[in-house]
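Just remember that our numbering sits 6 ahead of the position in the sequence shown, which is counted from 1.
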Amino acid sequence: MSDFIKPVPGAASVIDGKAAAALIDSHVKAGVAQLESRLGRAPCLAVVLVGEDPASQVYVRNKVKRTEAAGMRSIEIRRDARIEEAELVGIVEALNADDAVDGILVQMPLPGHIDPYRVVETIDPDKDVDGLTATSAGRLVQGAPGLRPCTPSGCVWLARQALGELSGKSVVVIGRSILVGKPAAFLFLEQNCTVMLSHSRTLDLPEHCARADIVVAAAGRPEMVKGAWIKEGACVLDVGINRVDAPEKGEGGTKLVGDVAYDEAARRAGFITPVPGGIGPMTIAFLLVNTLKAAAARAGLAQPEAIRGL
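This is the structure we're talking about:
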């Protein structure tokens, strides 16, 4: 069993996403060293942040820190929330044209007066390290080579570490977003799983979950998935991050919980990711993997050995 999967007596083994992400980051760092001499420069990730959303600022700061720690070049572009859509599109177009930039990520959410679809669709698909353009989505559906969305990629990788061979496993994905739910379904299909893409309005959802070897909870509803829904020994991947009231912490106290009722599910599952510290760190890890893959592919070079299989 992997070092980042921690056995718990009488409960599910806990998948430590921070430790898993650190392992992947080390593979990326080794891959950067392998690629840099052939590329003639360090791979480069550009992140565009609009506005002052506190969560986005923390996320971008972590991205920049881990990008640089892996030996890659980081470009951070910040703009006021009042920026016009045309100016933001122009920034993305300039990054597309910059041959020294391998990956482009526009941090969401964007201010209400900007159409996020137009901005995302401006990104060169070969630099689309978030895997969100229509071209990237089409490549995923067709099974063609391309950059895959980061969070669901992390889910599949963790499931493989926990369960080994995934072929033939049954998977229930709860949530149908373009960020996680839909791409997760296709990524598990690529592993020859039998996949049900469900959501909050799915009839008999508990019964479907109870037959699943893998449950991916990404509906955005605090503790929606109950312990009784979980098949004995299943792998539970909780993508949800919800801030809820925590009276036990005093007046105004809050805490983060996932989409799974953790304590209940841990008594039945074989493997489970905590919130926080589970799936979240994997998103940046696979963002770095995608940037390295994009740098190699754009230069017509083979993928570095250090990241093969990621």
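Even glycine gets a Cβ: it sits at the ideal position worked out from N, Cα and C.
For clarity, every value in this text was computed on a predicted model and none was experimentally measured.
| Check | Outcome |
| --- | --- |
| Simplified DSSP assignment, three categories, for Arg182 | coil |
| Nearest-angstrom beta carbon gap, Asp31 and Leu294 [assumed within contact, 8 Å] | 6 Å |
| Start-end ranges of the alpha helix (DSSP H) lying completely within the region 140–177, minimum 4 residues | 140–148, 156–169 |
| Asp130 to Leu209 span [Cα, whole Å] | 39 Å |
| As assigned by DSSP and simplified to three states, the class of Ala17 | strand |
| Cβ-Cβ distance between Ala234 and Ile180 below 8 Å | no |
| Span of the alpha helix (DSSP H) around Asp269 | 268–272 |
| Spatially closest choice to Ala48 from Gly306, Ser80, Gly57, by CA coordinates | Ser80 |
| Three-state secondary structure (DSSP) of Lys237 | coil |
| Start-to-end residues for the beta strand (DSSP E) that takes in Cys50 | 50–56 |
| Through-space distance from Gly283 to Lys261, alpha-carbon basis | 13 Å |
| Straight-line Cα distance separating Glu213 from Met78 | 46 Å |
| Proximity of Glu91 and Asp121 at Cβ, strictly below 8 Å | yes |
| Inter-residue CB distance, Cys156 and Val177 (contact presumed, cutoff 8 Å) | Actually they are not in contact, since the Cβ atoms of Cys156 and Val177 sit about 19 Å apart, beyond 8 Å. |
| 3 or more residues per run - each beta strand (DSSP E) lying fully within the region 240–316 | 241–244, 248–251, 260–263 |
| Contacting residues, own chain, Cβ-Cβ under 7 Å from Glu311 (five flanking each side not counted) | Gln40 |
| Which of helix, strand or coil DSSP assigns to Ala87 | coil |
| Spatial distance of Ile236 from Asp86 (CA atoms) | 45 Å |
| Span of the alpha helix (DSSP H) around Leu211 | 211–215 |
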